[in-house]
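Below: one structure, written as structure tokens.
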Amino acid sequence: QVQFVESGGGSVQPGGSLRLSCAVSGSGGFSINAMGWHRQAPGKERELVAIISSGSSTNYADSVKGRFTISRDNAKNTVYLQMNSLKPEDTAVYYCNALIGDFFRPYWGKGTLVTVSS
647 QVQFVESGGG SVQPGGSLRL SCAVSGSGGF SINAMGWHRQ APGKERELVA
697 IISSGSSTNY ADSVKGRFTI SRDNAKNTVY LQMNSLKPED TAVYYCNALI
747 GDFFRPYWGK GTLVTVSS
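Be aware that the sequence shown starts at 647, since it is given in the numbering used here, and climbs by one per residue.
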């Protein structure tokens with residue numbers, strides 16, 4: 647059974663930084679392909695924040711380009727999201743996800759709350 651351990655969420659003032667981590671286990675020997683972070687703010691739909699391939703190619707939402715950096719440690723099956731220059735509009739629940747196996751089946755973590763407020 648695929649399991650996610652997400653950490654690093656919390657409250658921070660505007661302009662501050664946070665680093666999210668997500669460790670994935672239980673893939674049963676199947677390859678973990680792309681990994682990413684999505685977020686969902688109150689009253690809004692879930693949106694992609696950043697994604698990283700198994701070869702470390704990255705893609706970002708326009709709203710976070712230049713402020714957020716996604717990275718991964720394949721040996722640890724862990725993906726990170728370094729968030730700098732945080733804004734109140736970055737407030738949301740952040741969800742880790744991974745595409746696993748030959749058919750790139752998506753799996754999701756339970757989410758971690760990030761609150762940016764003065």
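Using N, Cα and C, we set each Cβ at its ideal position, and we do this for glycine too.
Setting aside the 5 residues that flank it on each side, residue 648 is surrounded in the same chain by 670, 672, 673, 746 and 753, each with a C-beta closer than 7 Å to its C-beta; the list follows chain order.
A Cβ-Cβ separation of about 7 Å places residue 758 in contact with residue 739 under the 8 Å criterion.
By the criterion of a C-beta distance shorter than 6 Å, residue 761 is surrounded in its chain by 657 and 737, once the five residues flanking it on both sides are discounted.
Of the candidates 734, 728 and 735, the residue whose Cα lies closest to the Cα of residue 683 is 728.
At a Cβ-Cβ threshold of 8 Å, residue 680 and residue 698 count as neighbours.
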